[in-house]
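Step one of this worksheet: look at the structure below.
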Amino acid sequence: MSSRSRFDRAFKDASVIPFNDTDKFILFSDCHRGDNSGADDFANNRNTYFHALQQYYKNGFTYCELGDGDELWENLHFSTLYESHQNVYELMRKFYLENRLHLVWGNHDMIYKNPSQVKKNLHSHFDRRTGEERPLFPGIQVHEALILKHEQTGQELFLCHGHQADWMNYIGWRFNRFMVRVLWRPLQGAGISDPTSPAKNYLELIKVERRTKKWILERNNQFTITGHTHRPRFPEPGDIAYFNDGSCVHPRSITGLEIENGFISLIKWQIATTDDGVLKIVRVLLEGPQKLIDYKTEPARIP
Numbered sequence: 001m002s003s004r005s006r007f008d009r010a011f012k013d014a015s016v017i018p019f020n021d022t023d024k025f026i027l028f029s030d031c032h033r034g035d036n037s038g039a040d041d042f043a044n045n046r047n048t049y050f051h052a053l054q055q056y057y058k059n060g061f062t063y064c065e066l067g068d069g070d071e072l073w074e075n076l077h078f079s080t081l082y083e084s085h086q087n088v089y090e091l092m093r094k095f096y097l098e099n100r101l102h103l104v105w106g107n108h109d110m111i112y113k114n115p116s117q118v119k120k121n122l123h124s125h126f127d128r129r130t131g132e133e134r135p136l137f138p139g140i141q142v143h144e145a146l147i148l149k150h151e152q153t154g155q156e157l158f159l160c161h162g163h164q165a166d167w168m169n170y171i172g173w174r175f176n177r178f179m180v181r182v183l184w185r186p187l188q189g190a191g192i193s194d195p196t197s198p199a200k201n202y203l204e205l206i207k208v209e210r211r212t213k214k215w216i217l218e219r220n221n222q223f224t225i226t227g228h229t230h231r232p233r234f235p236e237p238g239d240i241a242y243f244n245d246g247s248c249v250h251p252r253s254i255t256g257l258e259i260e261n262g263f264i265s266l267i268k269w270q271i272a273t274t275d276d277g278v279l280k281i282v283r284v285l286l287e288g289p290q291k292l293i294d295y296k297t298e299p300a301r302i303p
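Numbering (full-length UniProt numbering), first residue to last: 1 to 303.
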């Protein structure tokens, strides 16, 4: 199956979420929540991520997580992740109970493609204090893709992880998981990068982006948002409508995409130092805001 076929199938089977200009969304991906060890890339940005997600919760945003939220290549059991980042999962649970959480699976949490694995890992968790199963995200579904469809304009925003353009991380993910779990995780502490990841392999990153943009053009410039490569992208209107929210495991920041009042923005959250030496977590606008409707579904100009 080609990358085009994989994208086509994901688009066809995507769950549709109606929205309008009063709705607000925050899109993050590639959190890679791990076990809080030296191999857990998320641990460095955990406080930044938690603070940002708290602000979005308080301000009425819906959270869409576009894959690789859970690091289930390096770790065998979800319970390890929950125990390491319980405050994060409990905050996500608050989003879910208010119907403001949508999850997409990526290559590192591709076991969620199987509904039985979703039920086993995410519907409930074992509470060590009480010795009983406790609801976490009861009844949740994890999707391959989502479509945000504007109720007035009919514009469709296609959301997926993006590994549909990456054969080894979509079809060969079990082999890559084995290599990461057995070989690269022990070497990560020594600074040796995982060559299976397009985020750490520039040539693979370029190939993934090229295939994604080709599919977008074949769909008459379909507005598309992915993660996977960890490289933020925010096109100008008239260019190929390929957005990427980046990741939550950048060395000193997390990046994401906000949709609010019919506009889209690329943002980052980072720790900054004030003039008097106080550390604080701040939101930085990187690109936008740009009107969604400015990205029309039509043949695009190839940059």
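Even for Gly, the Cβ is constructed at its ideal location relative to N, Cα and C.
By a beta-carbon distance limit of 8 Å, GLY246 contacts HIS230. Their separation comes to about 6 Å. Distances from the alpha-carbon of LEU159 to those of THR274, PRO135, THR226 put THR226 closest. Bounds of the alpha helix (DSSP H) holding HIS51 are 46–58.
Contact holds between the stretch 79–86 and the stretch 19–39, because three or more Cβ pairs, one in each stretch, are under 8 Å apart. Around the CB of THR274, fewer than 16 other CB atoms lie within 10 Å, so the residue is classed as exposed.
Burial is judged here by how many other beta carbons sit within 10 angstroms of a residue's own beta carbon; VAL284 has fewer than 16 and is exposed. Beta-bridge annotation (DSSP): TRP269 is paired with ILE254, ARG283. The C-beta distance from GLU65 to SER29 rounds to 6 Å, short enough to meet the 8 Å contact threshold. ILE259 sits close to PHE25, with the two beta carbons spaced by under 9 Å. Residue range 3–13 is occupied by the alpha helix (DSSP H) that includes ASP13. GLU156 and PHE223 have their C-alpha atoms spaced approximately 7 Å apart. In the three-state reduction of the DSSP assignment, GLU204 falls in the helix class, which pools H, G and I.
The stretch 204–219 and the stretch 164–172 touch, with no fewer than 3 CB-CB distances between them shorter than 8 Å. Listed in chain order, the non-local C-beta contacts of GLN117 below 8 Å within the same chain comprise ILE111, local neighbours out to five positions each way being set aside. In the three-state scheme derived from DSSP, where H, G and I count as helix and E and B as strand, GLU218 is classed as helix.
GLU132 and LYS119 have their C-alpha atoms spaced approximately 16 Å apart. GLN290 is bridged by DSSP to ILE264. Between LEU103 and HIS150, the C-beta spacing is not below 9 Å.
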